[in-house]
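Encoded as structure tokens, the structure appears first; notes follow it.
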Amino acid sequence: MATATREEGFEVHDAQVLSKTRAFLDECRSFKEMAQAVEDAVHRNEEWRGKRCINLLAPEAPTSPKVRNLLAAEIGTRAAEGHIGRVNRWFAGTGYIDEVEALCVELLKRVFKCKYADHRLMGSMLGNMAVYWALTEPGDVIMSAAQPVGGHSSNRGDGPAGFRGLKIVDIPFDPVELEVDMDLFRKVAPLVRPKVVGLGMSMTLFPYPVRSMVEIISEWGGRLFFDGAHQLGLIGAGFFQDPLDEGAAVLTGSAGKTFGGPQSGIMVWNDPNLTQPITSAIFPGLAATHQVNRVAALAYSAAEMLQFGQAFMKQIVANAQALGAALAERGLNVLCSHKGYTQTHQVIADVSSFGGGIAAARALERTNIITNKNLIPKDKPENWDSPSGLRIGTIEVTRLGMGPKEMKTIAGFAARVLVEKENPETVVKDVMDFRSAYQTIYFCFENGLPR
Ligand SMILES: *Cc1c(COP(=O)(O)O)cnc(C)c1O
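Plus 437 on top of the position in the sequence shown (first one is 1) and you've got this note's numbering.
Next comes the structure, spelled out in structure tokens:
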């Protein structure tokens, strides 16, 4: 069915992957066959990533079976724009949708012990956009963390903060402790008087001095915005700091990371004066029909968080600490060994002696262990594509019921590949054998706690 036009323009995607796909589609004898190809690829992913891999991606979490079901629910085919309640909707027929959305908002308020919550944005990238829209004007100065110390692009020049036209000054960090350098912050902040300090960390091991930072910037009316994309579940369950309680004006986060729900953005705050600017940035600024299936799944996962969050998050952190120690014992250079490696779901290793982050992540992928390359403090921001670090997270392995003993086993697999340079072909068999015994999702109403 050769119908595609053949002009080769500029593509950001891998041109080979796209051209291979075009060639495949050309060979298909029907549109049905094309549709089948989509289903097949989804199935292959489920069989491999879902059943045979040790997924150690820090921003990834498997949801409960019920949350996955809700993502395919009929309600997701319905259009609901605007705010909850008949007069606030553009469309009629939204009575039950109002119920679901109100449950979501009120459950989120319970999890985060806050006055206001929003559930409509698809990801916390958009949540951050809404925050910068609500709290800043173009040309304002903000402070945020550079990528090599863990900062995320959404608070930097190439993300929402940059799109808002903000001037960005780095939050000073101690590269060894991986914590905010408060002595330097005390000197720099009064000189640049940031309107907002955006504390958004993708590499995050320890709590941040939110209270002290707020004290300093409130002198000129500056506000702290905590982008807790990664730590959201830990915060909700009380296993990390509580940014709102410590003086942050807004907390945003991704529900698909430690929170263990569907990929979604969450925003919570306490100041009634922020409600109008934030919610008008959300609607009609950034969302119209907002995937009510996702909202239903989010509401359900908030109830799971209330029931199982404490046990789940406690185990995630214990597993991360055990994995850090076990990897170090097997010869990896794990950061912050002098203070117990981590207080979150993440472990960071400097893998420059194994060829850097890309080579290490590829070698591990060949053994069905999934991690990601990461910038670490010794890297330059412009070297984002050849970083020295590897970021490892324990959300999925924990939800599959693994504990510190299994972390030792996993560290052993990783060391065989990276340190002992064993052939990935032999290691992958052992990885699949090991993984086959862990196929149940825990910390959910269906299956309860791991035995
Ligand atoms: C992952 C991440 C985001 C983006 O979250 P999405 O939900 O994927 O949009 C924003 N900020 C930080 C710090 C992150 O780690």
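Yeah, the Cβ is synthetic: ideal placement off N, Cα and C, and Gly gets one too.
Where residue i falls, given that 16 or more other Cβ within 10 Å makes a residue buried
i: residue 426; result: This structure leaves residue 426 out entirely; the chain is present only between 438 and 888.
i: residue 778; result: buried
i: residue 885; result: exposed
i: residue 565; result: buried
i: residue 760; result: buried
i: residue 440; result: Caution applies to residue 440, whose pLDDT of 46 falls short of 50 and renders its modelled position unreliable; the value that the coordinates give is listed next. Classification of residue 440: exposed, given that the 10 Å Cβ count is below 16.
i: residue 749; result: buried
i: residue 780; result: buried
i: residue 810; result: buried
i: residue 473; result: exposed
i: residue 825; result: buried
i: residue 701; result: buried
i: residue 728; result: buried
i: residue 527; result: exposed
i: residue 721; result: exposed
i: residue 455; result: exposed
i: residue 446; result: exposed
i: residue 591; result: buried
i: residue 899; result: A query on residue 899 cannot be resolved here, the shown segment of the chain reaching from 438 to 888 and no further.
i: residue 857; result: exposed
i: residue 888; result: exposed
i: residue 571; result: buried
i: residue 538; result: buried
i: residue 480; result: exposed
i: residue 453; result: exposed
i: residue 791; result: buried
i: residue 754; result: buried
i: residue 587; result: buried
i: residue 860; result: exposed
Cβ distance (whole Å) where residue i is taken to contact residue j below 8 Å
i: residue 609; j: residue 633; result: Not confirmed; about 17 Å, so no contact.
i: residue 774; j: residue 786; result: Their Cβ separation, rounded to whole angstroms, is 10 Å, which puts residue 774 and residue 786 out of contact at 8 Å.
i: residue 554; j: residue 540; result: At roughly 12 Å, the Cβ-Cβ gap does not stay under 8 Å, so residue 554 and residue 540 are not in contact.
i: residue 516; j: residue 726; result: 5 Å
i: residue 797; j: residue 772; result: That belief does not hold up - the Cβ atoms of residue 797 and residue 772 are roughly 14 Å apart, past 8 Å.
i: residue 662; j: residue 686; result: 6 Å
i: residue 520; j: residue 703; result: Between residue 703 and residue 520 the Cβ distance is about 17 Å, and since that is not below 8 Å, they are no contact.
i: residue 844; j: residue 763; result: 5 Å
i: residue 833; j: residue 499; result: 5 Å
i: residue 854; j: residue 801; result: 6 Å
i: residue 799; j: residue 852; result: Actually they are not in contact, since the Cβ atoms of residue 799 and residue 852 sit about 16 Å apart, beyond 8 Å.
i: residue 752; j: residue 840; result: 7 Å
i: residue 549; j: residue 688; result: 7 Å
i: residue 611; j: residue 636; result: Not really, about 15 Å apart at Cβ, beyond 8 Å.
i: residue 580; j: residue 646; result: No, residue 580 and residue 646 are not in contact; Cβ-Cβ is about 13 Å, not under 8 Å.
i: residue 730; j: residue 878; result: Incorrect: roughly 19 Å between the Cβ atoms, too far for contact.
i: residue 427; j: residue 794; result: Only positions 438 to 888 of the chain appear in the structure, and residue 427 is not among them; the question remains open.
i: residue 510; j: residue 733; result: 6 Å
i: residue 666; j: residue 694; result: 6 Å
i: residue 745; j: residue 643; result: Between residue 643 and residue 745 the Cβ distance is about 25 Å, and since that is not below 8 Å, they are no contact.
i: residue 597; j: residue 562; result: 7 Å
i: residue 705; j: residue 465; result: About 47 Å separates the two Cβ atoms, so there is no contact after all.
i: residue 671; j: residue 698; result: With 8 Å as the limit, residue 671 and residue 698 do not qualify as a contact, their Cβ atoms being about 14 Å apart.
i: residue 607; j: residue 582; result: 7 Å
Residue-chain proximity (residue i, chain B), Cβ-Cβ < 8 Å
i: residue 691; result: Among the protein chains of the structure shown there is no chain B, as only one such chain exists.
Given 8 Å, three or more beta-carbon pairs between the segment 484–494 and the segment 863–883: With the cut-off at 8 Å, the segment 484–494 and the segment 863–883 touch.
Minimum length 4: unbroken alpha helix (DSSP H) runs contained in the segment 741–780: none
Sequence ranges, alpha helix (DSSP H) only - wholly within the segment 601–683, length at least 4: 619–629, 647–654, 669–673
Contained alpha helix (DSSP H) runs [length at least 4] in the segment 517–597, N- to C-terminal order: 532–549, 561–572
Every unbroken beta strand (DSSP E) inside the segment 771–836 [3 residues or more]: 783–787, 809–811, 826–830
Touch test, the segment 834–853 against the segment 701–714, Cβ-Cβ under 8 Å, three pairs minimum: no
Touching by the beta-carbon criterion (3+ pairs, under 8 Å), the segment 810–825 and the segment 661–681: no
Minimum length 4: unbroken alpha helix (DSSP H) runs contained in the segment 701–734: 712–717
The segment 574–589 contacting the segment 599–608, beta-carbon criterion three pairs below 8 Å: yes
Touching by the beta-carbon criterion (3+ pairs, under 8 Å), the segment 644–658 and the segment 612–627: They touch, by the three-pair rule.
Inside the segment 853–887 only - alpha helix (DSSP H) runs reaching at least 4 residues: The qualifying runs are 861–873.
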